[in-house]
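Numbering (the numbering used here), first residue to last: 255 to 392.
We put the CB at the ideal spot given by N, CA and C, even for glycine.
A short worksheet on the structure shown next.
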Amino acid sequence: MECVLSDTKEYKISTEEILEMYSKYCTIRSFEYKVIEAVNRKLVKSPIYLCLGQESIPASLATVFKNPAIFAQHRGHGTYIAYGGDLKKLANEIAGRDDGCADCQQRIQLPTLEDGTSSGCQAGPTGRAPGAEMEHRA
255 MECVLSDTKE YKISTEEILE MYSKYCTIRS FEYKVIEAVN RKLVKSPIYL CLGQESIPAS
315 LATVFKNPAI FAQHRGHGTY IAYGGDLKKL ANEIAGRDDG CADCQQRIQL PTLEDGTSSG
375 CQAGPTGRAP GAEMEHRA
């Protein structure tokens with residue numbers, strides 16, 4: 255299968271990559287359904303922005319782009335999971351525990367990967383992304 259990523263470059267997706275994408279997709283969807291169950295059982299008090307129906311985007315990005323700088327926003331569970339975020343820490347963050355993936359600082363709008371490349375504020379990445387690019391070019 256060929257996928258055009260830009261006007262000048264084609265990327266051939268292998269069977270292994272398709273299976274990797276599907277695995278990530280299923281992990282994300284399964285986790286999000288568990289979040290819905292927790293919300294319905296009143297175990298979650300903060301607002302939750304699920305990425306149900308959008309799982310293919312982070313799954314595909316994480317499969318094709320192995321080490322990018324991604325600045326996701328509120329529906330960031332999928333991006334966090336697709337790039338190998340700790341599911342237990344994410345669940346703890348959603349539950350409001352201090353041992354979550356963002357030390358319960360961001361109230362789960364967006365979890366933080368270990369390299370710190372996320373923000374719980376909507377439009378929070380707006381300032382972080384140009385700064386990261388400037389650092390990269392320096």
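Could you spell out the range, first to last residue, of the beta strand (DSSP E) harbouring residue i?
i	result
residue 264	264-266
Between which two residues does the alpha helix (DSSP H) holding residue i run?
i	result
residue 283	269-294
residue 343	341-348
residue 315	310-318
Once DSSP output is grouped into helix, strand and coil, what is the label at residue i?
i	result
residue 361	Here the model assigns residue 361 a pLDDT of 44, short of 50, so the residue's position is not dependable and the matter cannot be decided.
residue 334	helix
residue 354	coil
residue 389	helix
residue 298	coil
residue 322	coil
Taking the C-alpha atoms as reference points, what is the distance between residue i and residue j?
i	j	result
residue 352	residue 264	44 angstroms
residue 304	residue 389	31 angstroms
residue 333	residue 313	7 angstroms
residue 337	residue 356	16 angstroms
residue 354	residue 322	23 angstroms
residue 365	residue 386	With a pLDDT of only 48 at residue 365, under the threshold of 50, the placement of this residue in the model should not be trusted; the figure read from the coordinates follows. Each residue's Cα considered, the two are about 18 angstroms apart.
residue 329	residue 391	29 angstroms
Are the segment 339-350 and the segment 310-322 touching by the rule of at least three beta carbon pairs closer than 8 angstroms?
-> no
Quick check: the segment 291-302 against the segment 267-282, are there 3 or more CB pairs under 8 angstroms?
-> no
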